[in-house]
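Numbering-wise, the working numbering puts 458 at position 223 of the sequence shown, and it's gapless, one number per residue.
Written below as structure tokens is the structure these notes are about.
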Amino acid sequence: MFKFKKSKSVSLIIKDHVIRYAMMNHNDITDPLSSGEKYLPTGVIRDGKIIDRDRLVMILEECVDEWGLRRKDVHFIVPDAHVFFRELSIPTSIKKEEIKGYLFMELGNSIPLPFANPFFDYVTLDNVDNGKKILLFAAPEPIIQEYVSVLEEAKINPVSIEINALAMYRLLFTLDRVDPKEHLMFIEFDVDAVGVSIFHQHKPKYVHHLVNAGHVEQFEIEESQEMVQLHFTGDEMILYSDLQDTIGEIERILNFYKYSLHKGEAEVSHLVLTGDHPYIKHIYNQMNESLPIKLESATDLFNEAGFSIAPRYLTTMGLALKEVPK
Numbered sequence: 236m237f238k239f240k241k242s243k244s245v246s247l248i249i250k251d252h253v254i255r256y257a258m259m260n261h262n263d264i265t266d267p268l269s270s271g272e273k274y275l276p277t278g279v280i281r282d283g284k285i286i287d288r289d290r291l292v293m294i295l296e297e298c299v300d301e302w303g304l305r306r307k308d309v310h311f312i313v314p315d316a317h318v319f320f321r322e323l324s325i326p327t328s329i330k331k332e333e334i335k336g337y338l339f340m341e342l343g344n345s346i347p348l349p350f351a352n353p354f355f356d357y358v359t360l361d362n363v364d365n366g367k368k369i370l371l372f373a374a375p376e377p378i379i380q381e382y383v384s385v386l387e388e389a390k391i392n393p394v395s396i397e398i399n400a401l402a403m404y405r406l407l408f409t410l411d412r413v414d415p416k417e418h419l420m421f422i423e424f425d426v427d428a429v430g431v432s433i434f435h436q437h438k439p440k441y442v443h444h445l446v447n448a449g450h451v452e453q454f455e456i457e458e459s460q461e462m463v464q465l466h467f468t469g470d471e472m473i474l475y476s477d478l479q480d481t482i483g484e485i486e487r488i489l490n491f492y493k494y495s496l497h498k499g500e501a502e503v504s505h506l507v508l509t510g511d512h513p514y515i516k517h518i519y520n521q522m523n524e525s526l527p528i529k530l531e532s533a534t535d536l537f538n539e540a541g542f543s544i545a546p547r548y549l550t551t552m553g554l555a556l557k558e559v560p561k
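Below is the structure:
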């Protein structure tokens, strides 16, 4: 499923609060050739939408020069806030090579979407009695085209796009840390949002985007010679309460997956926590106390695998392992 055709590849992730990249050598994935990040001022991107295009281009151009990415082929991520995910049944009469055309005709008609002009992809599942099953991923094409335009203006060549969930799974799959029999949940806990995804038998089964309580503006960028990090300037007690509320939302998703989607016959048995939230250790401890499920942190995974890069790069590294079709 994940074969490599090049010895090197570059990934670039743009979120509301940060730009992050990694250049990977597929011969040694534990030691990236280079990596970097640049935290964004509040208001440049909001909920995955580019608000201040000129400023984003200017910041990207600085990053491209600093990181040596000019004219490089890069993989990039669709903003989680705009990813539409659904399992669909299609008629058995539709041949494999006809699925894309069928979706092109039916999306927005017999297959409703929350937006017009979709950019979409899909994964085929096993046949079932009443048709074929596919997993549909869609996003508004204008959003995608805006990011492509910005990247190209900054002298970067986008060659593929993907969603966060698949990038995270690819890295663990490559590390042979996936049991296909398990229902595995990834939780990417960032400053502004939380991405939740569940996999089973190497297929995504559930993808959801949660918006964190509005504390983003209370995190200030602190720079030193050693690192750049976010420092919280607000009321920690309120922050802790809101983090606990988000963990409660994750618990509700676990119950929904078990009882509503699987009628109590299947449940998540393994959690992997990643993300760049400055309070990620506190979040891990609270989840460990609240959820009676095996919980692993990206920090532990990276330490065990011998990675030389911070765990918040998990998605960035998984994206860099993406194969580009010929």
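Virtual Cβ for every residue (Gly too), placed ideally from N, Cα, C.
If you reduce the DSSP assignment to three classes, tell me which class residue i lands in.
i    : result
L304 : coil
Q521 : helix
Y441 : strand
L323 : strand
V299 : helix
H505 : strand
S269 : strand
L406 : helix
E388 : helix
M552 : helix
H317 : helix
M258 : strand
R412 : coil
V279 : coil
K557 : coil
I294 : helix
Q436 : coil
F542 : coil
I329 : coil
E471 : helix
Answer with buried or exposed for residue i, where buried requires no fewer than 16 other C-beta atoms within 10 angstroms of its C-beta.
i    : result
V463 : exposed
R399 : Just to set this straight, residue 399 is Asn in the shown sequence, not Arg. The residue in question, N399, is buried, as its Cβ has 16 or more Cβ neighbours within 10 Å.
K250 : buried
V446 : exposed
A351 : exposed
S270 : buried
A501 : exposed
H437 : exposed
F537 : buried
R255 : buried
F491 : exposed
K561 : A caution first: K561 carries a pLDDT of 46, below 50, which makes its placement in the model unreliable, though a value can still be read off. By the 10 Å Cβ count, K561 comes out exposed.
Should residue i be listed as close to the ligand NAD, given that the test is whether its C-beta is under 7 Å from any heavy atom?
i    : result
R547 : No copy of the ligand NAD occurs in the structure displayed, which carries no ligand at all.
Could you give the C-beta distance for residue i and residue j, rounded to a whole number, given that I count them as a contact under 8 Å?
i    : j    : result
P393 : L465 : With a Cβ gap of about 27 Å, P393 and L465 do not count as contacting.
H444 : V313 : With 8 Å as the limit, H444 and V313 do not qualify as a contact, their Cβ atoms being about 11 Å apart.
I379 : F339 : Wrong, their Cβ atoms sit about 16 Å apart, outside the cutoff.
I248 : T551 : 5 Å
Only counting the same chain, and skipping five residues up and downstream in sequence, which positions put a Cβ closer than 6 Å to that of residue i?
i    : result
H435 : H418
D282 : A316
L401 : none
V507 : F421 and E531
Y519 : L508 and S532
P415 : Q436 and H437
V442 : F320, A400 and S432
I334 : none
Excluding the 5 residues flanking residue i on each side, which residues of the same chain have their C-beta closer than 7 Å to its C-beta?
i    : result
K278 : The residue asked about is misnamed: residue 278 is Gly in this sequence, not Lys. Cβ within range, chain order: I286 and D287.
V385 : I285, R288, L291, V292 and L295
T534 : P546
V429 : I422, E423, L445, N447 and T481
P349 : F319
I515 : F424
F467 : Q453, F454, L474 and P513
Excluding the 5 residues preceding and the 5 following residue i in the sequence, name in chain order all residues of the same chain whose CB lies nearer than 8 Å to its CB.
i    : result
A555 : S244, V245, S246, A257, M258, M259, P267 and H310
L489 : M420, E502, V503, L526 and I528
V451 : D251, H252, T277, V426 and D427
T265 : A540, G541, F542 and S543
G469 : H450 and Q453
Strictly by DSSP, which residues pair up with residue i?
i    : result
L530 : L506
P353 : P375
G430 : E423 and H444
T359 : I369
V394 : Paired residue(s): none; V394 is not in a bridge.
H310 : S246 and S395
L342 : I346
Any Cβ of chain D within less than 8 Å of the Cβ of residue i?
i    : result
K284 : Here chain D cannot be found, since the structure has a single protein chain.
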